[in-house]
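Since the structure comes first, as C-alpha cells, the remarks are kept for the end.
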C-alpha cells in the first residue's frame, strides 16, 4: 500500500477500479485547512488524463506494470505476433489493443509489451526508427520556404510530414513518440 503523501512521478496505483500513472503531483499546505496532494494522473488502460486531489493519508494499492521485450514477427487480419527472445514462444496480441503504437514498427524489431495482471494494454516501440519513404510527391527546385513540409508514406504504411527535399526511396529517422520526421539517414 502507498499513501498519497508518497506519490512520485511515474508511480502506478489502483484507483476507482482502474490503473493510473502519476504524471504530475504537488503537495499543497494552505494557510487554513488541511494539506492535500494535487495530481494529474493518466489511466494506463484507456490513456485518459484527469486531475484529482487527494488527502495525503489516502491509501492505494500499488500496481505492478510488466514490461517485456518482444520481437515483432508479423500480423494477420486480427493479431500482431510477437516472439519472446529467450524462450522463442510466440504471443498473439489483438490488433485493436495496440494498433496505434505499432504504426512505425517493422517486422523483426524489438518492442516492450506492457501488461497488467496478464492483460496486455499497450506497446512501447523503439524511441527512434529508420524507415524508407515509399510514396511522396517529388521536391521541386526553388521550393525552399522555411519549414515547408509535404506528406509522405513510409514502409509501414504510416503517414509522416517531411521536408520538401525528401524523395521516394530515401530512408528517414522518425521519433515514434511524436510521429515527427527527425533527419535523413
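Numbering (the working numbering), first residue to last: 2 to 186. Idealized CB from N, CA, C, for every residue including glycine. Given the structure is predicted, the values throughout are model-derived calculations rather than measurements.
### Message
How far does the beta strand (DSSP E) with residue 114 in it extend, from its first residue to its last?
### Response
111-117
### Query
Hey, residue 61 and residue 16: beta-carbon distance below 7 Å or not?
yes
### Task
Return the bridge partner residues of residue 76 from the DSSP annotation.
81
### Task
Please check the pair residue 9 and residue 27, which I expect to be a contact at CB under 8 Å, by giving their CB distance rounded to whole angstroms.
No, residue 9 and residue 27 are not in contact; Cβ-Cβ is about 12 Å, not under 8 Å.
### Query
Of all the options 66, 160, 37, 182, which has the alpha carbon lying nearest to the alpha carbon of residue 11?
66
#### Entry: Close-in-space but distant-in-sequence residues of the same chain around residue 168 (CB under 8 Å, 5 per side omitted)
134, 137, 139, 140
### Query
According to DSSP, which residues form a beta bridge with residue 167?
Answer is none; residue 167 lacks a bridge partner.
### Query
With 16 as the cutoff for other CB atoms within 10 Å, does residue 177 come out buried or exposed?
buried
### Message
Among the candidates 132, 41, 157, 181, whose CA atom is the shortest distance from the CA of residue 151?
### Response
181
### Query
What are the start and end residues of each continuous beta strand (DSSP E) run of 3 or more residues lying completely inside the stretch 14-41, in chain order?
19-29
### Task
Drop a sphere of 10 angstroms on the beta-carbon of residue 13, count the other beta-carbons inside from all chains shown, and report buried for 16 or more, exposed for fewer.
buried
### Query
Across which residues does DSSP place residue 132 in a beta bridge pair?
173
### Minimum C-alpha distance to residue 109 - residue among 71, 100, 57, 125
71
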